[in-house]
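Novice: Sharing a structure with you now.
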Amino acid sequence: MRAIVLAPDIAKRDSDADQARTPMRTATERLAEAAGLARAIDLVIADEMVVPVGKPVPATLIGSGKVDELAGVVAAHEAGLVVVDHALTPVQQRNLERAWNAKVLDRTGLILEIFGRRARTKEGTLQVDLAHLNYQRGRLVRSWTHLERQRGGAGFLGGPGETQIEADRRILRDKIKRLETELEQVRRTRTLHRAKRKKVPLPVVALVGYTNAGKSTLFNRLTGATVMAEDMLFATLDPTLRRVRLPGGTEIILSDTVGFISDLPTHLVAAFRATLEEVEEADLIVHVHDASDPQAAAQSTDVRAVLADLDVTPDDDHVIEVHNKIDALDDDARAALSDRVSGQGEVAVSALTGAGTDALLALIEERISGALVTRRFTISAARFSDVAWLHENAVVRDRQDRDNGDVTVTVQMTRDMADAYERRTARIAEKTA
Numbered sequence: 075m076r077a078i079v080l081a082p083d084i085a086k087r088d089s090d091a092d093q094a095r096t097p098m099r100t101a102t103e104r105l106a107e108a109a110g111l112a113r114a115i116d117l118v119i120a121d122e123m124v125v126p127v128g129k130p131v132p133a134t135l136i137g138s139g140k141v142d143e144l145a146g147v148v149a150a151h152e153a154g155l156v157v158v159d160h161a162l163t164p165v166q167q168r169n170l171e172r173a174w175n176a177k178v179l180d181r182t183g184l185i186l187e188i189f190g191r192r193a194r195t196k197e198g199t200l201q202v203d204l205a206h207l208n209y210q211r212g213r214l215v216r217s218w219t220h221l222e223r224q225r226g227g228a229g230f231l232g233g234p235g236e237t238q239i240e241a242d243r244r245i246l247r248d249k250i251k252r253l254e255t256e257l258e259q260v261r262r263t264r265t266l267h268r269a270k271r272k273k274v275p276l277p278v279v280a281l282v283g284y285t286n287a288g289k290s291t292l293f294n295r296l297t298g299a300t301v302m303a304e305d306m307l308f309a310t311l312d313p314t315l316r317r318v319r320l321p322g323g324t325e326i327i328l329s330d331t332v333g334f335i336s337d338l339p340t341h342l343v344a345a346f347r348a349t350l351e352e353v354e355e356a357d358l359i360v361h362v363h364d365a366s367d368p369q370a371a372a373q374s375t376d377v378r379a380v381l382a383d384l385d386v387t388p389d390d391d392h393v394i395e396v397h398n399k400i401d402a403l404d405d406d407a408r409a410a411l412s413d414r415v416s417g418q419g420e421v422a423v424s425a426l427t428g429a430g431t432d433a434l435l436a437l438i439e440e441r442i443s444g445a446l447v448t449r450r451f452t453i454s455a456a457r458f459s460d461v462a463w464l465h466e467n468a469v470v471r472d473r474q475d476r477d478n479g480d481v482t483v484t485v486q487m488t489r490d491m492a493d494a495y496e497r498r499t500a501r502i503a504e505k506t507a
C-alpha cells in the first residue's frame, strides 16, 4: 500500500505532558523513525514530511489550510494511507480520513499493526489483541464514513469493520475481560516457571533495548540460537530463554525481550506486562544501545522511562550498558566510543562480527558472581538425600564418590540457598541427635 508519513511539529504545547513528549528529538528525527515504523509493515512510502502546527486544532490536530494542502498531496500520490506520528482522537482520525479520502493511522495504531504481525505465540497474540481492543474501545463510533465501511478483514490495518463498529460496548468489555483473564493465567504460568527456575538457581540476565538495537542478534551470538534477528522493528514480541555457560563456568539463563520505543501508550505497556515481567525478575539487565544511531541517547532515555513504568529502577550494578553495532562506525568514531566506555563498566560490541562479546561475557560473569557462592560438602552415605537436594537446588560443579560411600560435591548456589541448606542439615542433625 502507498502511504504518506507525517510528523506534526507542534510549536505550542497545551500541557506539561505534551511538552515532555520526546524532548530530545527534533521533528525531522521523529519523522525518520515514523517512516521506519511504516516500512516495518511493508508500506511503500510515497512521501514523508514534517508538518508545522502552531497550535493543535481539536477537530483535526492540523490547521484547516494545511489539511486542504495535504489533501492535494495525498491525491497526487494516490496514497491509500496517511500515517500521523502523533496521537489522534477518534474525531480527529475520522475528520482527517474524510478530508483526505484515505485511511489514517496514528502512532499507536501503527505500532499495534506491527505488533499484530510480529506476534507468534498464543501469549503474544493475546497481548496484541488486548492492546488493540483497548485502543479500539475509544474509537467505536455510530456515524461512519464510506472509508470505515471498507475496514475489516485480517490484521489490524483493516480496522474494526462494520460489525465491530455496530457492536455493543458491553460485548467489547466482555472480550477485554476474557483476554485479561487469559493473560492472568499466562502470568500465573510464568510465575510457576520462574519458581521452578529458582529451584535450580541459575541467574536470569535480561536483554533490553530500543527496538532494532540488535538485541536478538546479540542473543544469537551469545547463545548460538536462531532467534529472528532481521533488521526489523519489534522482531521479538515473545520472550526467548536460553541456558548459557559463561567462560568461567557460571551458568545463566539469558532472556531476549520485546524492544521498546518512545511514546508507547500506557495501555500498550500494560498489555505486554506479562512479557516484561521477565525483566522485572531478572538478576541482571543488559541494556543494548545502537551505537550507530544518532538518537542513541534519546533512545536510552526512552528505555529507562519504560523500565520506570514497570517499577524497575535498577542501580548501576544491576545494569550493564552495551553499545552495539560498532561495525557500522568508522575508525575514529569506534576509537572515541572505546575511550568513552573504558573503565566505566560498559562494553562496546558488534553482535554481527562478535567483536567485544568476550569482554561482555566476562563482565556479566563478574556481576553475577557477586550473587553466588561456591561451597564444598562431604556427605555421608546415610545422608544421600542431601546430594539429591543439592542437584535440585544448586549447580553441581564437581562430584567425587568415595569408596566408603561418602560423596564430596562442589556446588555453586545463591546465598539464600546456601542458608537453606545449612538450616536443612541443622534440622536433620537435631532429629538424629
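Using our numbering, the first residue of the sequence shown is number 75, and each one after it goes up by one. No residue lacks a Cβ here, since even glycine has one placed at the ideal position from N, Cα and C.
#1: Here's the rule I'm using: 16 or more other beta-carbon atoms within 10 Å means buried, otherwise exposed. How should Phe334 be labelled?
#2: Between which two residues does the beta strand (DSSP E) holding Leu155 run?
#3: Can the beta-carbon of Val124 be found less than 8 Å from the beta-carbon of Asp83?
#4: How about Gly428 and Arg295: are their beta carbons less than 8 Å apart?
#5: Does Asn398 pass the burial test, meaning 16 or more other C-beta atoms within 10 Å, or should it be called exposed?
#6: What residues in its chain sit with their C-beta under 8 Å from that of Ile115, if we drop five residues either side in the sequence?
#7: Taking 8 Å as the cut-off, does the region 198 to 205 touch the region 148 to 156 (at least 3 CB pairs, one atom from each stretch)?
#8: If I follow the unbroken beta strand (DSSP E) through Gly283, where does it start and stop?
#9: The alpha helix (DSSP H) with Leu411 in it runs from where to where?
#10: Counting beta carbon pairs with one atom in the region 351 to 369 and one in the region 433 to 443, are three or more of them shorter than 8 Å?
#11: Taking the alpha helix (DSSP H) that Arg491 falls in, what are its first and last residues?
#12: Take Ser412 and list the residues in its own chain whose beta-carbon comes closer than 7 Å to its own, dropping the five residues that flank it on each side.
#13: Ignore the nearest five residues each way along the sequence and tell me which others in Arg211's own chain have a CB closer than 8 Å to its CB.
#14: Could you tell me whether the Cβ atoms of Ala81 and Ala108 are closer together than 8 Å?
#15: Assign Leu320 to one of three DSSP states: helix, strand, or coil.
#16: Quick one: grab the DSSP three-state call for Ala436.
#17: Would you mind working out which of His363, Lys140, Thr182, Thr199 sits nearest Leu170, comparing C-alpha positions?
#18: So, helix, strand or coil for Arg295, using DSSP?
#19: Assign Leu358 to one of three DSSP states: helix, strand, or coil.
#20: Quick check: the Cα distance between Ala468 and Met487, rounded to an integer number of angstroms?
#21: Looking only at its own chain, which residues have a Cβ that is under 8 Å from the Cβ of Trp463, when we skip the five neighbours before and after it?
Specialist: Based on what the coordinates show:
#1: buried
#2: 155 to 158
#3: yes
#4: yes
#5: buried
#6: Leu184, Glu187, Ile188, Arg191, Leu231
#7: no
#8: 278 to 283
#9: 405 to 415
#10: yes
#11: Arg is not the amino acid found at residue 491; the sequence shown has Met there. Looking at the DSSP string, the run of the alpha helix (DSSP H) that includes Met491 is 489 to 506.
#12: Ala422
#13: Arg243, Leu246, Arg247, Ile250
#14: yes
#15: coil
#16: helix
#17: Lys140
#18: helix
#19: strand
#20: 5 Å
#21: Tyr495, Arg498
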